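So the structure is just underneath, and the comments pick up after that.
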Amino acid sequence: MPAALDFLRPTSLAEAISLLSSTEGAQPVAGATDVWVGIRSKKHTPKALVSLKGIPNLRFILPDRDTDTYEGKADGVAANSGVLLGAATTHGDVEDSPWMKSHFPAVHQACSGLGSRQVRNVATVGGNICNAAPCADSAVGLLLYDAGLVLAGPQGERELALADFFVGPGETRLGPAELLKEIRVPAPGPRTFAYYWKHTRRKGVELPLLGVGVRVTLDEDGVVTCARISLGVCAPMPARSTEAEKVLEGKKLTAQLAQEAGEVAARNALVRDTWRGRAWYRREMVRVLVPRVIGLSGALDSVSGK
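Each residue of the sequence shown is one higher than the one before, starting from 6 at the first, in the numbering used here.
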């Protein structure tokens, strides 16, 4: 059994940062679905937990009015708006959002496939990111949209690209007593197609053997103007396959081009053997799944006129 812990309940972000600064061995906690597992396995040995659950204005899904493509509407969210996700927003919140499903489908798919519904109701998107596991579903989905993070700490707030946030397994660029406040996701723009595929042994309540996300934006002639390919469990941390993205950009999208992107993504994947899957298998599935996910996004059908 873990040793007794102090459980601190701040009511503001400033108080939480102050407690993390002044309390020896303090660790922030929100949904706690990963933290408690780490404590029970003695991977984490905090002396105190600082709960973020009672802090207002950390759980929301709102239009980002600072994005260049935002058009304010009194009666709801503009279709071309970016989105702000509070760090304490749960995966269930994203799953239940029709707007996220419609405009940020890969993020919606990634959040909807995490664990069981009971887990998704308490597990936060911010916690999934800050846990920095190679298999973090929501991080793979958010990388497709060039998401940025707003971090708050003793020195104030700063912004950092999600792609630059991860250092290694369980390691991030969070500073001492610093917290993730919100996730900023830019609007993807018109003629954008995206999809996230979670490859598992069974359909539900399973960690991914591999996570593959794809986003492509096409011009009127079917030429790829922007491509993003993100992978989970293919490196020490969730990451983009930038070399595979270059294969797609500037060319008319075809099934053959999608296959070539899969080959490059597989060749550059930093896969390794684990008890859950062999490196050769993961590499082969990257090769297979990248073109498949491009197809599932609807991008190929759009070009062919289906």
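Beta carbons: idealized from backbone N, C-alpha and C, even for Gly.
Remember, it's a predicted structure, so these values are computed and weren't measured experimentally.
Remark: fewer than three beta-carbon pairs, one from each stretch, lie closer than 8 Å, so the stretch 96-111 and the stretch 154-168 are not flagged as touching. The Cβ atoms of T177 and A35 do not sit closer than 8 Å to each other.
Taking a contact as a CB-CB distance under 8 Å, the pair V295 and P139 does not count as one, their CB atoms being some 18 Å apart.
Under the three-state reduction of DSSP, G153 is assigned to strand.
Taking every protein chain shown into account, the CB of E100 has 16 or more other CB atoms within 10 angstroms, so this residue is buried.
Restricting attention to D224, V145, D39 and G132, the CA atom closest to the CA of A304 is found in D224. Membership of L223 in the beta strand (DSSP E) is indicated by the continuous run L215 to L223. Its Cα nearest to that of K186, the residue L167 stands out among A244, P195, A192 and L167. Across the structure, V308 and D226 are spaced so that their CA atoms are roughly 8 Å apart.
Beta bridge pairing from DSSP links A244 with L236.
DSSP, reduced to helix, strand and coil, places K106 within a helical segment of the structure shown.
Note on the stretch 158-218: whole beta strand (DSSP E) runs with a minimum of 3 residues are 161-166, 171-173, 184-190 and 197-204, in chain order.
Taking 4 residues as the shortest admissible run, the stretch 12-69 contains the following complete alpha helix (DSSP H) segments, listed from N- to C-terminal end: 18-27 and 40-45. A Cβ-Cβ contact shorter than 8 Å links L13 with V55. When beta bridges are read from the DSSP output, G282 appears opposite T279.
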